[in-house]
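In my numbering, the protein residues as written are 2 to 220.
Heads up, the beta-carbon is just placed ideally off N, CA and C, and yes, glycines get one too.
This report refers to the structure that appears directly beneath it.
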Amino acid sequence: MDTTQRTDQQRSADRRRRELLEAADRVVLRDGPQASMNAIAAEAGITKPILYRHFGDKGGLYAALAQRHTDALLSSLRAALDAPAEDRRRRVEATLDTYLAAIEARPQVYRFLMHPAEGSTTPGDQAEQGFDVGKHSAPLLRRMGEELAQVIEERLDVGPGTQQLARVWGHGIVGMMHAAGDWWLGERPCSRAELVTSLADLLWGRLSAAGDKEGGPGF
Numbered sequence: 002m003d004t005t006q007r008t009d010q011q012r013s014a015d016r017r018r019r020e021l022l023e024a025a026d027r028v029v030l031r032d033g034p035q036a037s038m039n040a041i042a043a044e045a046g047i048t049k050p051i052l053y054r055h056f057g058d059k060g061g062l063y064a065a066l067a068q069r070h071t072d073a074l075l076s077s078l079r080a081a082l083d084a085p086a087e088d089r090r091r092r093v094e095a096t097l098d099t100y101l102a103a104i105e106a107r108p109q110v111y112r113f114l115m116h117p118a119e120g121s122t123t124p125g126d127q128a129e130q131g132f133d134v135g136k137h138s139a140p141l142l143r144r145m146g147e148e149l150a151q152v153i154e155e156r157l158d159v160g161p162g163t164q165q166l167a168r169v170w171g172h173g174i175v176g177m178m179h180a181a182g183d184w185w186l187g188e189r190p191c192s193r194a195e196l197v198t199s200l201a202d203l204l205w206g207r208l209s210a211a212g213d214k215e216g217g218p219g220f
């Protein structure tokens, strides 16, 4: 098999994988945590064994969907951080709002990624029982924490130990956004704008005092 043929086959496989993920997305948007491998296979017009061939099991499909949506969310968060703003406070609020707007816009996707254990299991989906939410959602949150830590380190100068403190802040802010957003999405005790303001107030002390890193893009 020559290189051109291998490349064509890889492109075809990548395209088919994207198509299957798009079918999975449609089912998740409709069913949320109740989305099953049977339903996703039916939406894609294939049998469940073929779906397993591409992703292994529901955990493999979950990981692929998580990467897809986390990539999109991180891109949106970086865009919010890079967008023109009146001052640092407005940039912090815009970043918080971007995260909350994303989970508000696609709550079924959020619940599938963060609360898949809420889904019911049908007799035909026995292989999906025992799906470990922590095993799959924790790496997603850790990735977001590391990405935010990198942004903080690139942009702020908080003196000695900046790298370590950036990681503490990155993971702490992601944990706060996740916990507060999860509670807010379930109960809607206030408007999104009110939640953004309250969270920004909580963060603002050290963020307001930190200087911009010399030569960095600024924060």
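Whether A65 touches L22 by CB criterion (8 Å): yes
Buried versus exposed call for G206 [16 or more other C-beta atoms within 10 Å across all chains shown]: exposed
Validate contact between the stretch 145–157 and the stretch 196–205 using beta carbons, cut 8 Å, 3 pairs: no
Residues that DSSP places opposite G212 in a beta bridge: D158
When R112, D158, A194, R31 are compared against P218, the one with the closest alpha-carbon: D158
Touching by the beta-carbon criterion (3+ pairs, under 8 Å), the stretch 90–108 and the stretch 186–194: yes
Same chain, Cβ closer than 6 Å to L114, five either side skipped, listed in chain order: A67
Reduced DSSP secondary structure (H/G/I, E/B, other) of D72: helix
N- and C-terminal bounds of the alpha helix (DSSP H) containing R89: 89–106
Coarse secondary structure for T163, derived from DSSP in three states: helix
For Q127, three-class secondary structure by DSSP: Since pLDDT at Q127 reaches only 43, below the 50 mark, its modelled position is unreliable, and no value is offered.
Cβ pair G171, L149 closer than 8 Å: yes
Buried versus exposed, by CB contacts within 10 Å (16 or more), I104: buried
Short Cβ contact (8 Å threshold) for R92 with A86: yes
Burial state of R26, where buried means 16 or more other Cβ atoms lie within 10 Å: In the sequence under discussion, the amino acid at residue 26 is Asp, which differs from the Arg named in the question. Counting Cβ neighbours within 10 Å, D26 comes out buried, since at least 16 surround it.
Local Cβ density within 10 Å of S76, reported as buried at 16 or more and exposed below that: exposed
Contact set for A1: own chain, Cβ-Cβ below 8 Å, skip 5 residues either direction: Residue numbering for the chain in the displayed model covers 2 to 220; residue 1 lies beyond these limits and cannot be assessed.
Coarse secondary structure for I47, derived from DSSP in three states: coil
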